[in-house]
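In what follows, a structure is listed as structure tokens, so that the remarks can point back to it.
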Amino acid sequence: MSTPLIAISPAKLNLFLHINGRREDGYHNLQTLFQLLNWGDTLSFIANDSGKISVDIKGLDIPNEQNLIWRAASKLQSGSLGAHITVIKHIPTGGGLGGGSSNAATTLLVLRHLWGLPFERDELLSIGAELGADVPVFIAGRTAWAEGIGDVLTPLELPPRWFVIIRPNCHVSTEKIFSSRQLTRDTAPIKIAAFFTGSTRNDCQAVVRDIYPEVDNALKWLNNFGRAILTGTGACVFASFNTKAEADAVLQQLPKKWTGFTAQGLNESPTHSVLV
116 MSTPLIAISP AKLNLFLHIN GRREDGYHNL QTLFQLLNWG DTLSFIANDS
166 GKISVDIKGL DIPNEQNLIW RAASKLQSGS LGAHITVIKH IPTGGGLGGG
216 SSNAATTLLV LRHLWGLPFE RDELLSIGAE LGADVPVFIA GRTAWAEGIG
266 DVLTPLELPP RWFVIIRPNC HVSTEKIFSS RQLTRDTAPI KIAAFFTGST
316 RNDCQAVVRD IYPEVDNALK WLNNFGRAIL TGTGACVFAS FNTKAEADAV
366 LQQLPKKWTG FTAQGLNESP THSVLV
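Shown next, in the form of structure tokens:
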């Protein structure tokens, strides 16, 4: 049997999220800063000549048509090209950490490599955008400032930070949040420099707090230790710290009703390092 190629599919945080207006196509223009993390799912790939894609997600049974990993692989597959993909999930679904998008991007990058496909970066980015608005940032593999619908990316180098991420016991509906009449949709665009002055927020946070008391409670608790922020539309919330020791000390005090973890911010995706 072939030796599997093992890749970490990283989670992300939205360090802020501003909604700048609704587009004619129904999407929203936004600005955000995607921070990649040194924590995520583990994907193992074995290429073969079966002409078929098989995906084994440990502990989950997801139909292929709803599985972003299978859908991503199918975008590249042709002829006798085949692969078996095993997934160990750590990133929670519906948490705002980008697990599905990251898995799709990792699949595209690794299978292009294993199958020796001639796709250029821009072609792969276009394929990724068809799968989801957040997939391109994971393909690009850099912490990045994002505009448009999240697809106009400017890579950034951020100083090292550690994060405490808390997962409240609820699942936030992105559709419900973006259909809320209370959602702020007219935040004026800002320059990148404004992020470093601290004058940013998550425009979804107030609405999520109103609808999901568990998220509100997690934000209140974490605010005792640092500035607590919602990532994406949630449900996960986070705060940043200068050192691992500081982050670990906060995590040790986490109420048992929630789950959480610490992670370090990365400027480059760990997926890219296994493909060099």
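Whatever position you read off the sequence shown (first residue = 1), add 115 for our numbering.
Glycine is no exception: its CB is placed at the ideal position from the N, C-alpha and C atoms.
Item                                                                                            : Value
Residue burial classification, Ile280 (beta-carbon count within 10 angstroms, cutoff 16)        : buried
Secondary structure of Ser288, DSSP reduced to three states                                     : coil
Exposure of Gln146, with buried meaning 16 or more beta-carbon neighbours within 10 Å           : buried
Residue span of the alpha helix (DSSP H) that contains Arg257, given as start and end           : No alpha helix (DSSP H) contains Arg257, which DSSP labels as neither H nor E.
Glu139 - DSSP class collapsed to helix/strand/coil                                              : coil
Boundaries (first-last residue) of the alpha helix (DSSP H) holding Ile242                      : 236-246
Whole-Å CB distance - Leu152 paired with Val389, under 8 Å assumed                              : With a Cβ gap of about 16 Å, Leu152 and Val389 do not count as contacting.
Local Cβ density within 10 Å of Phe160, reported as buried at 16 or more and exposed below that : buried
Rounded separation between Thr201 and Asn179 - CA only                                          : 14 Å
Supposed contact pair Asn129 and Leu148 - C-beta distance, whole angstroms, cut 8 Å             : 7 Å
Contact belief for His133 with Asp318 at Cβ below 8 Å, rounded distance in angstroms            : 6 Å
Check whether Val323 and Gly349 have beta carbons under 9 Å apart                               : yes
Trp414 vs Pro270 beta-carbon contact at 9 Å                                                     : Outside the displayed span of the chain (116 to 391) sits residue 414, for which this structure offers no information.
Reduced DSSP secondary structure (H/G/I, E/B, other) of Trp453                                  : It is not possible to answer for residue 453, since the shown part of the chain is limited to 116 through 391.
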